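Asker:
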Amino acid sequence: MAEEGGDLNFHDEVELEDFEWDPEESAWTYPCPCGDRFVITQDELEFGEEVATCPSCSLIVRVIYDADNLPEPPEEEEVKIKESRKEVVKA
Ligand SMILES: [Zn+2]
Numbered sequence: 034m035a036e037e038g039g040d041l042n043f044h045d046e047v048e049l050e051d052f053e054w055d056p057e058e059s060a061w062t063y064p065c066p067c068g069d070r071f072v073i074t075q076d077e078l079e080f081g082e083e084v085a086t087c088p089s090c091s092l093i094v095r096v097i098y099d100a101d102n103l104p105e106p107p108e109e110e111e112v113k114i115k116e117s118r119k120e121v122v123k124a
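In terms of my numbering, the sequence shown has 108 at position 75, counting the first letter as 1, and numbering is strictly consecutive.
1. Might you give, ordered along the chain, the residues of its own chain that have their beta carbon closer than 6 Å to the beta carbon of Tyr-13, omitting 5 neighbours on each side?
2. Under 8 Å: does the beta carbon of Leu-41 sit that close to some heavy atom of ligand 1?
3. Does the Cβ of Val-96 have 16 or more other Cβ atoms within 10 Å, making it buried, or fewer, making it exposed?
4. With Glu-53 as the anchor, note down where its beta strand (DSSP E) starts and where it stops.
5. Could you tell me how far apart the beta carbons of Val-44 and Val-94 are, in whole angstroms, since I believe they sit closer than 8 Å?
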């Protein structure tokens with residue numbers, strides 16, 4: 034039987050809130066089983082894109098989100114605060 038719903042063969046469906054914001058890439062990322070990360074940018078989300086791709090393998094995931102209620106990328110300062118918290122935990 035042929036698969037229904039077009040050519041796209043999603044590895045998984047992941048809610049955007051499970052993605053992590055990467056301020057260096059300006060993109061949302063989610064761990065890929067190959068060891069790299071699925072990536073989707075804020076611009077793509079605002080454009081209605083829902084496919085996050087992994088640059089290192091052929092897997093793709095469908096990003097579940099509410100287009101009318103897109104999360105804002107965290108401010109850089111917040112990220113820095115998180116980073117310093119991490120270091121506190123390490124120490
Ligand atoms: Zn991958």
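C-beta atoms are modelled at their ideal positions from N, C-alpha and C, and glycine is treated no differently. These figures come from a predicted structure and were not determined experimentally.
Answerer: From the atom records:
1. For the chain, the structure presents residues 34 to 124; residue 13 sits outside this window and is missing.
2. Using a cutoff of 8 Å, the CB of Leu-41 does not count as near ligand 1, since none of the ligand's heavy atoms is closer than that.
3. Val-96 is buried by the Cβ-count criterion.
4. In the DSSP annotation of this structure, the continuous segment of the beta strand (DSSP E) that includes Glu-53 starts and ends at 53 to 55.
5. Inspection of the sequence shows that residue 44 is occupied by His rather than by Val. Beta-carbon to beta-carbon, His-44 and Val-94 are separated by about 5 Å, close enough to satisfy the 8 Å threshold.
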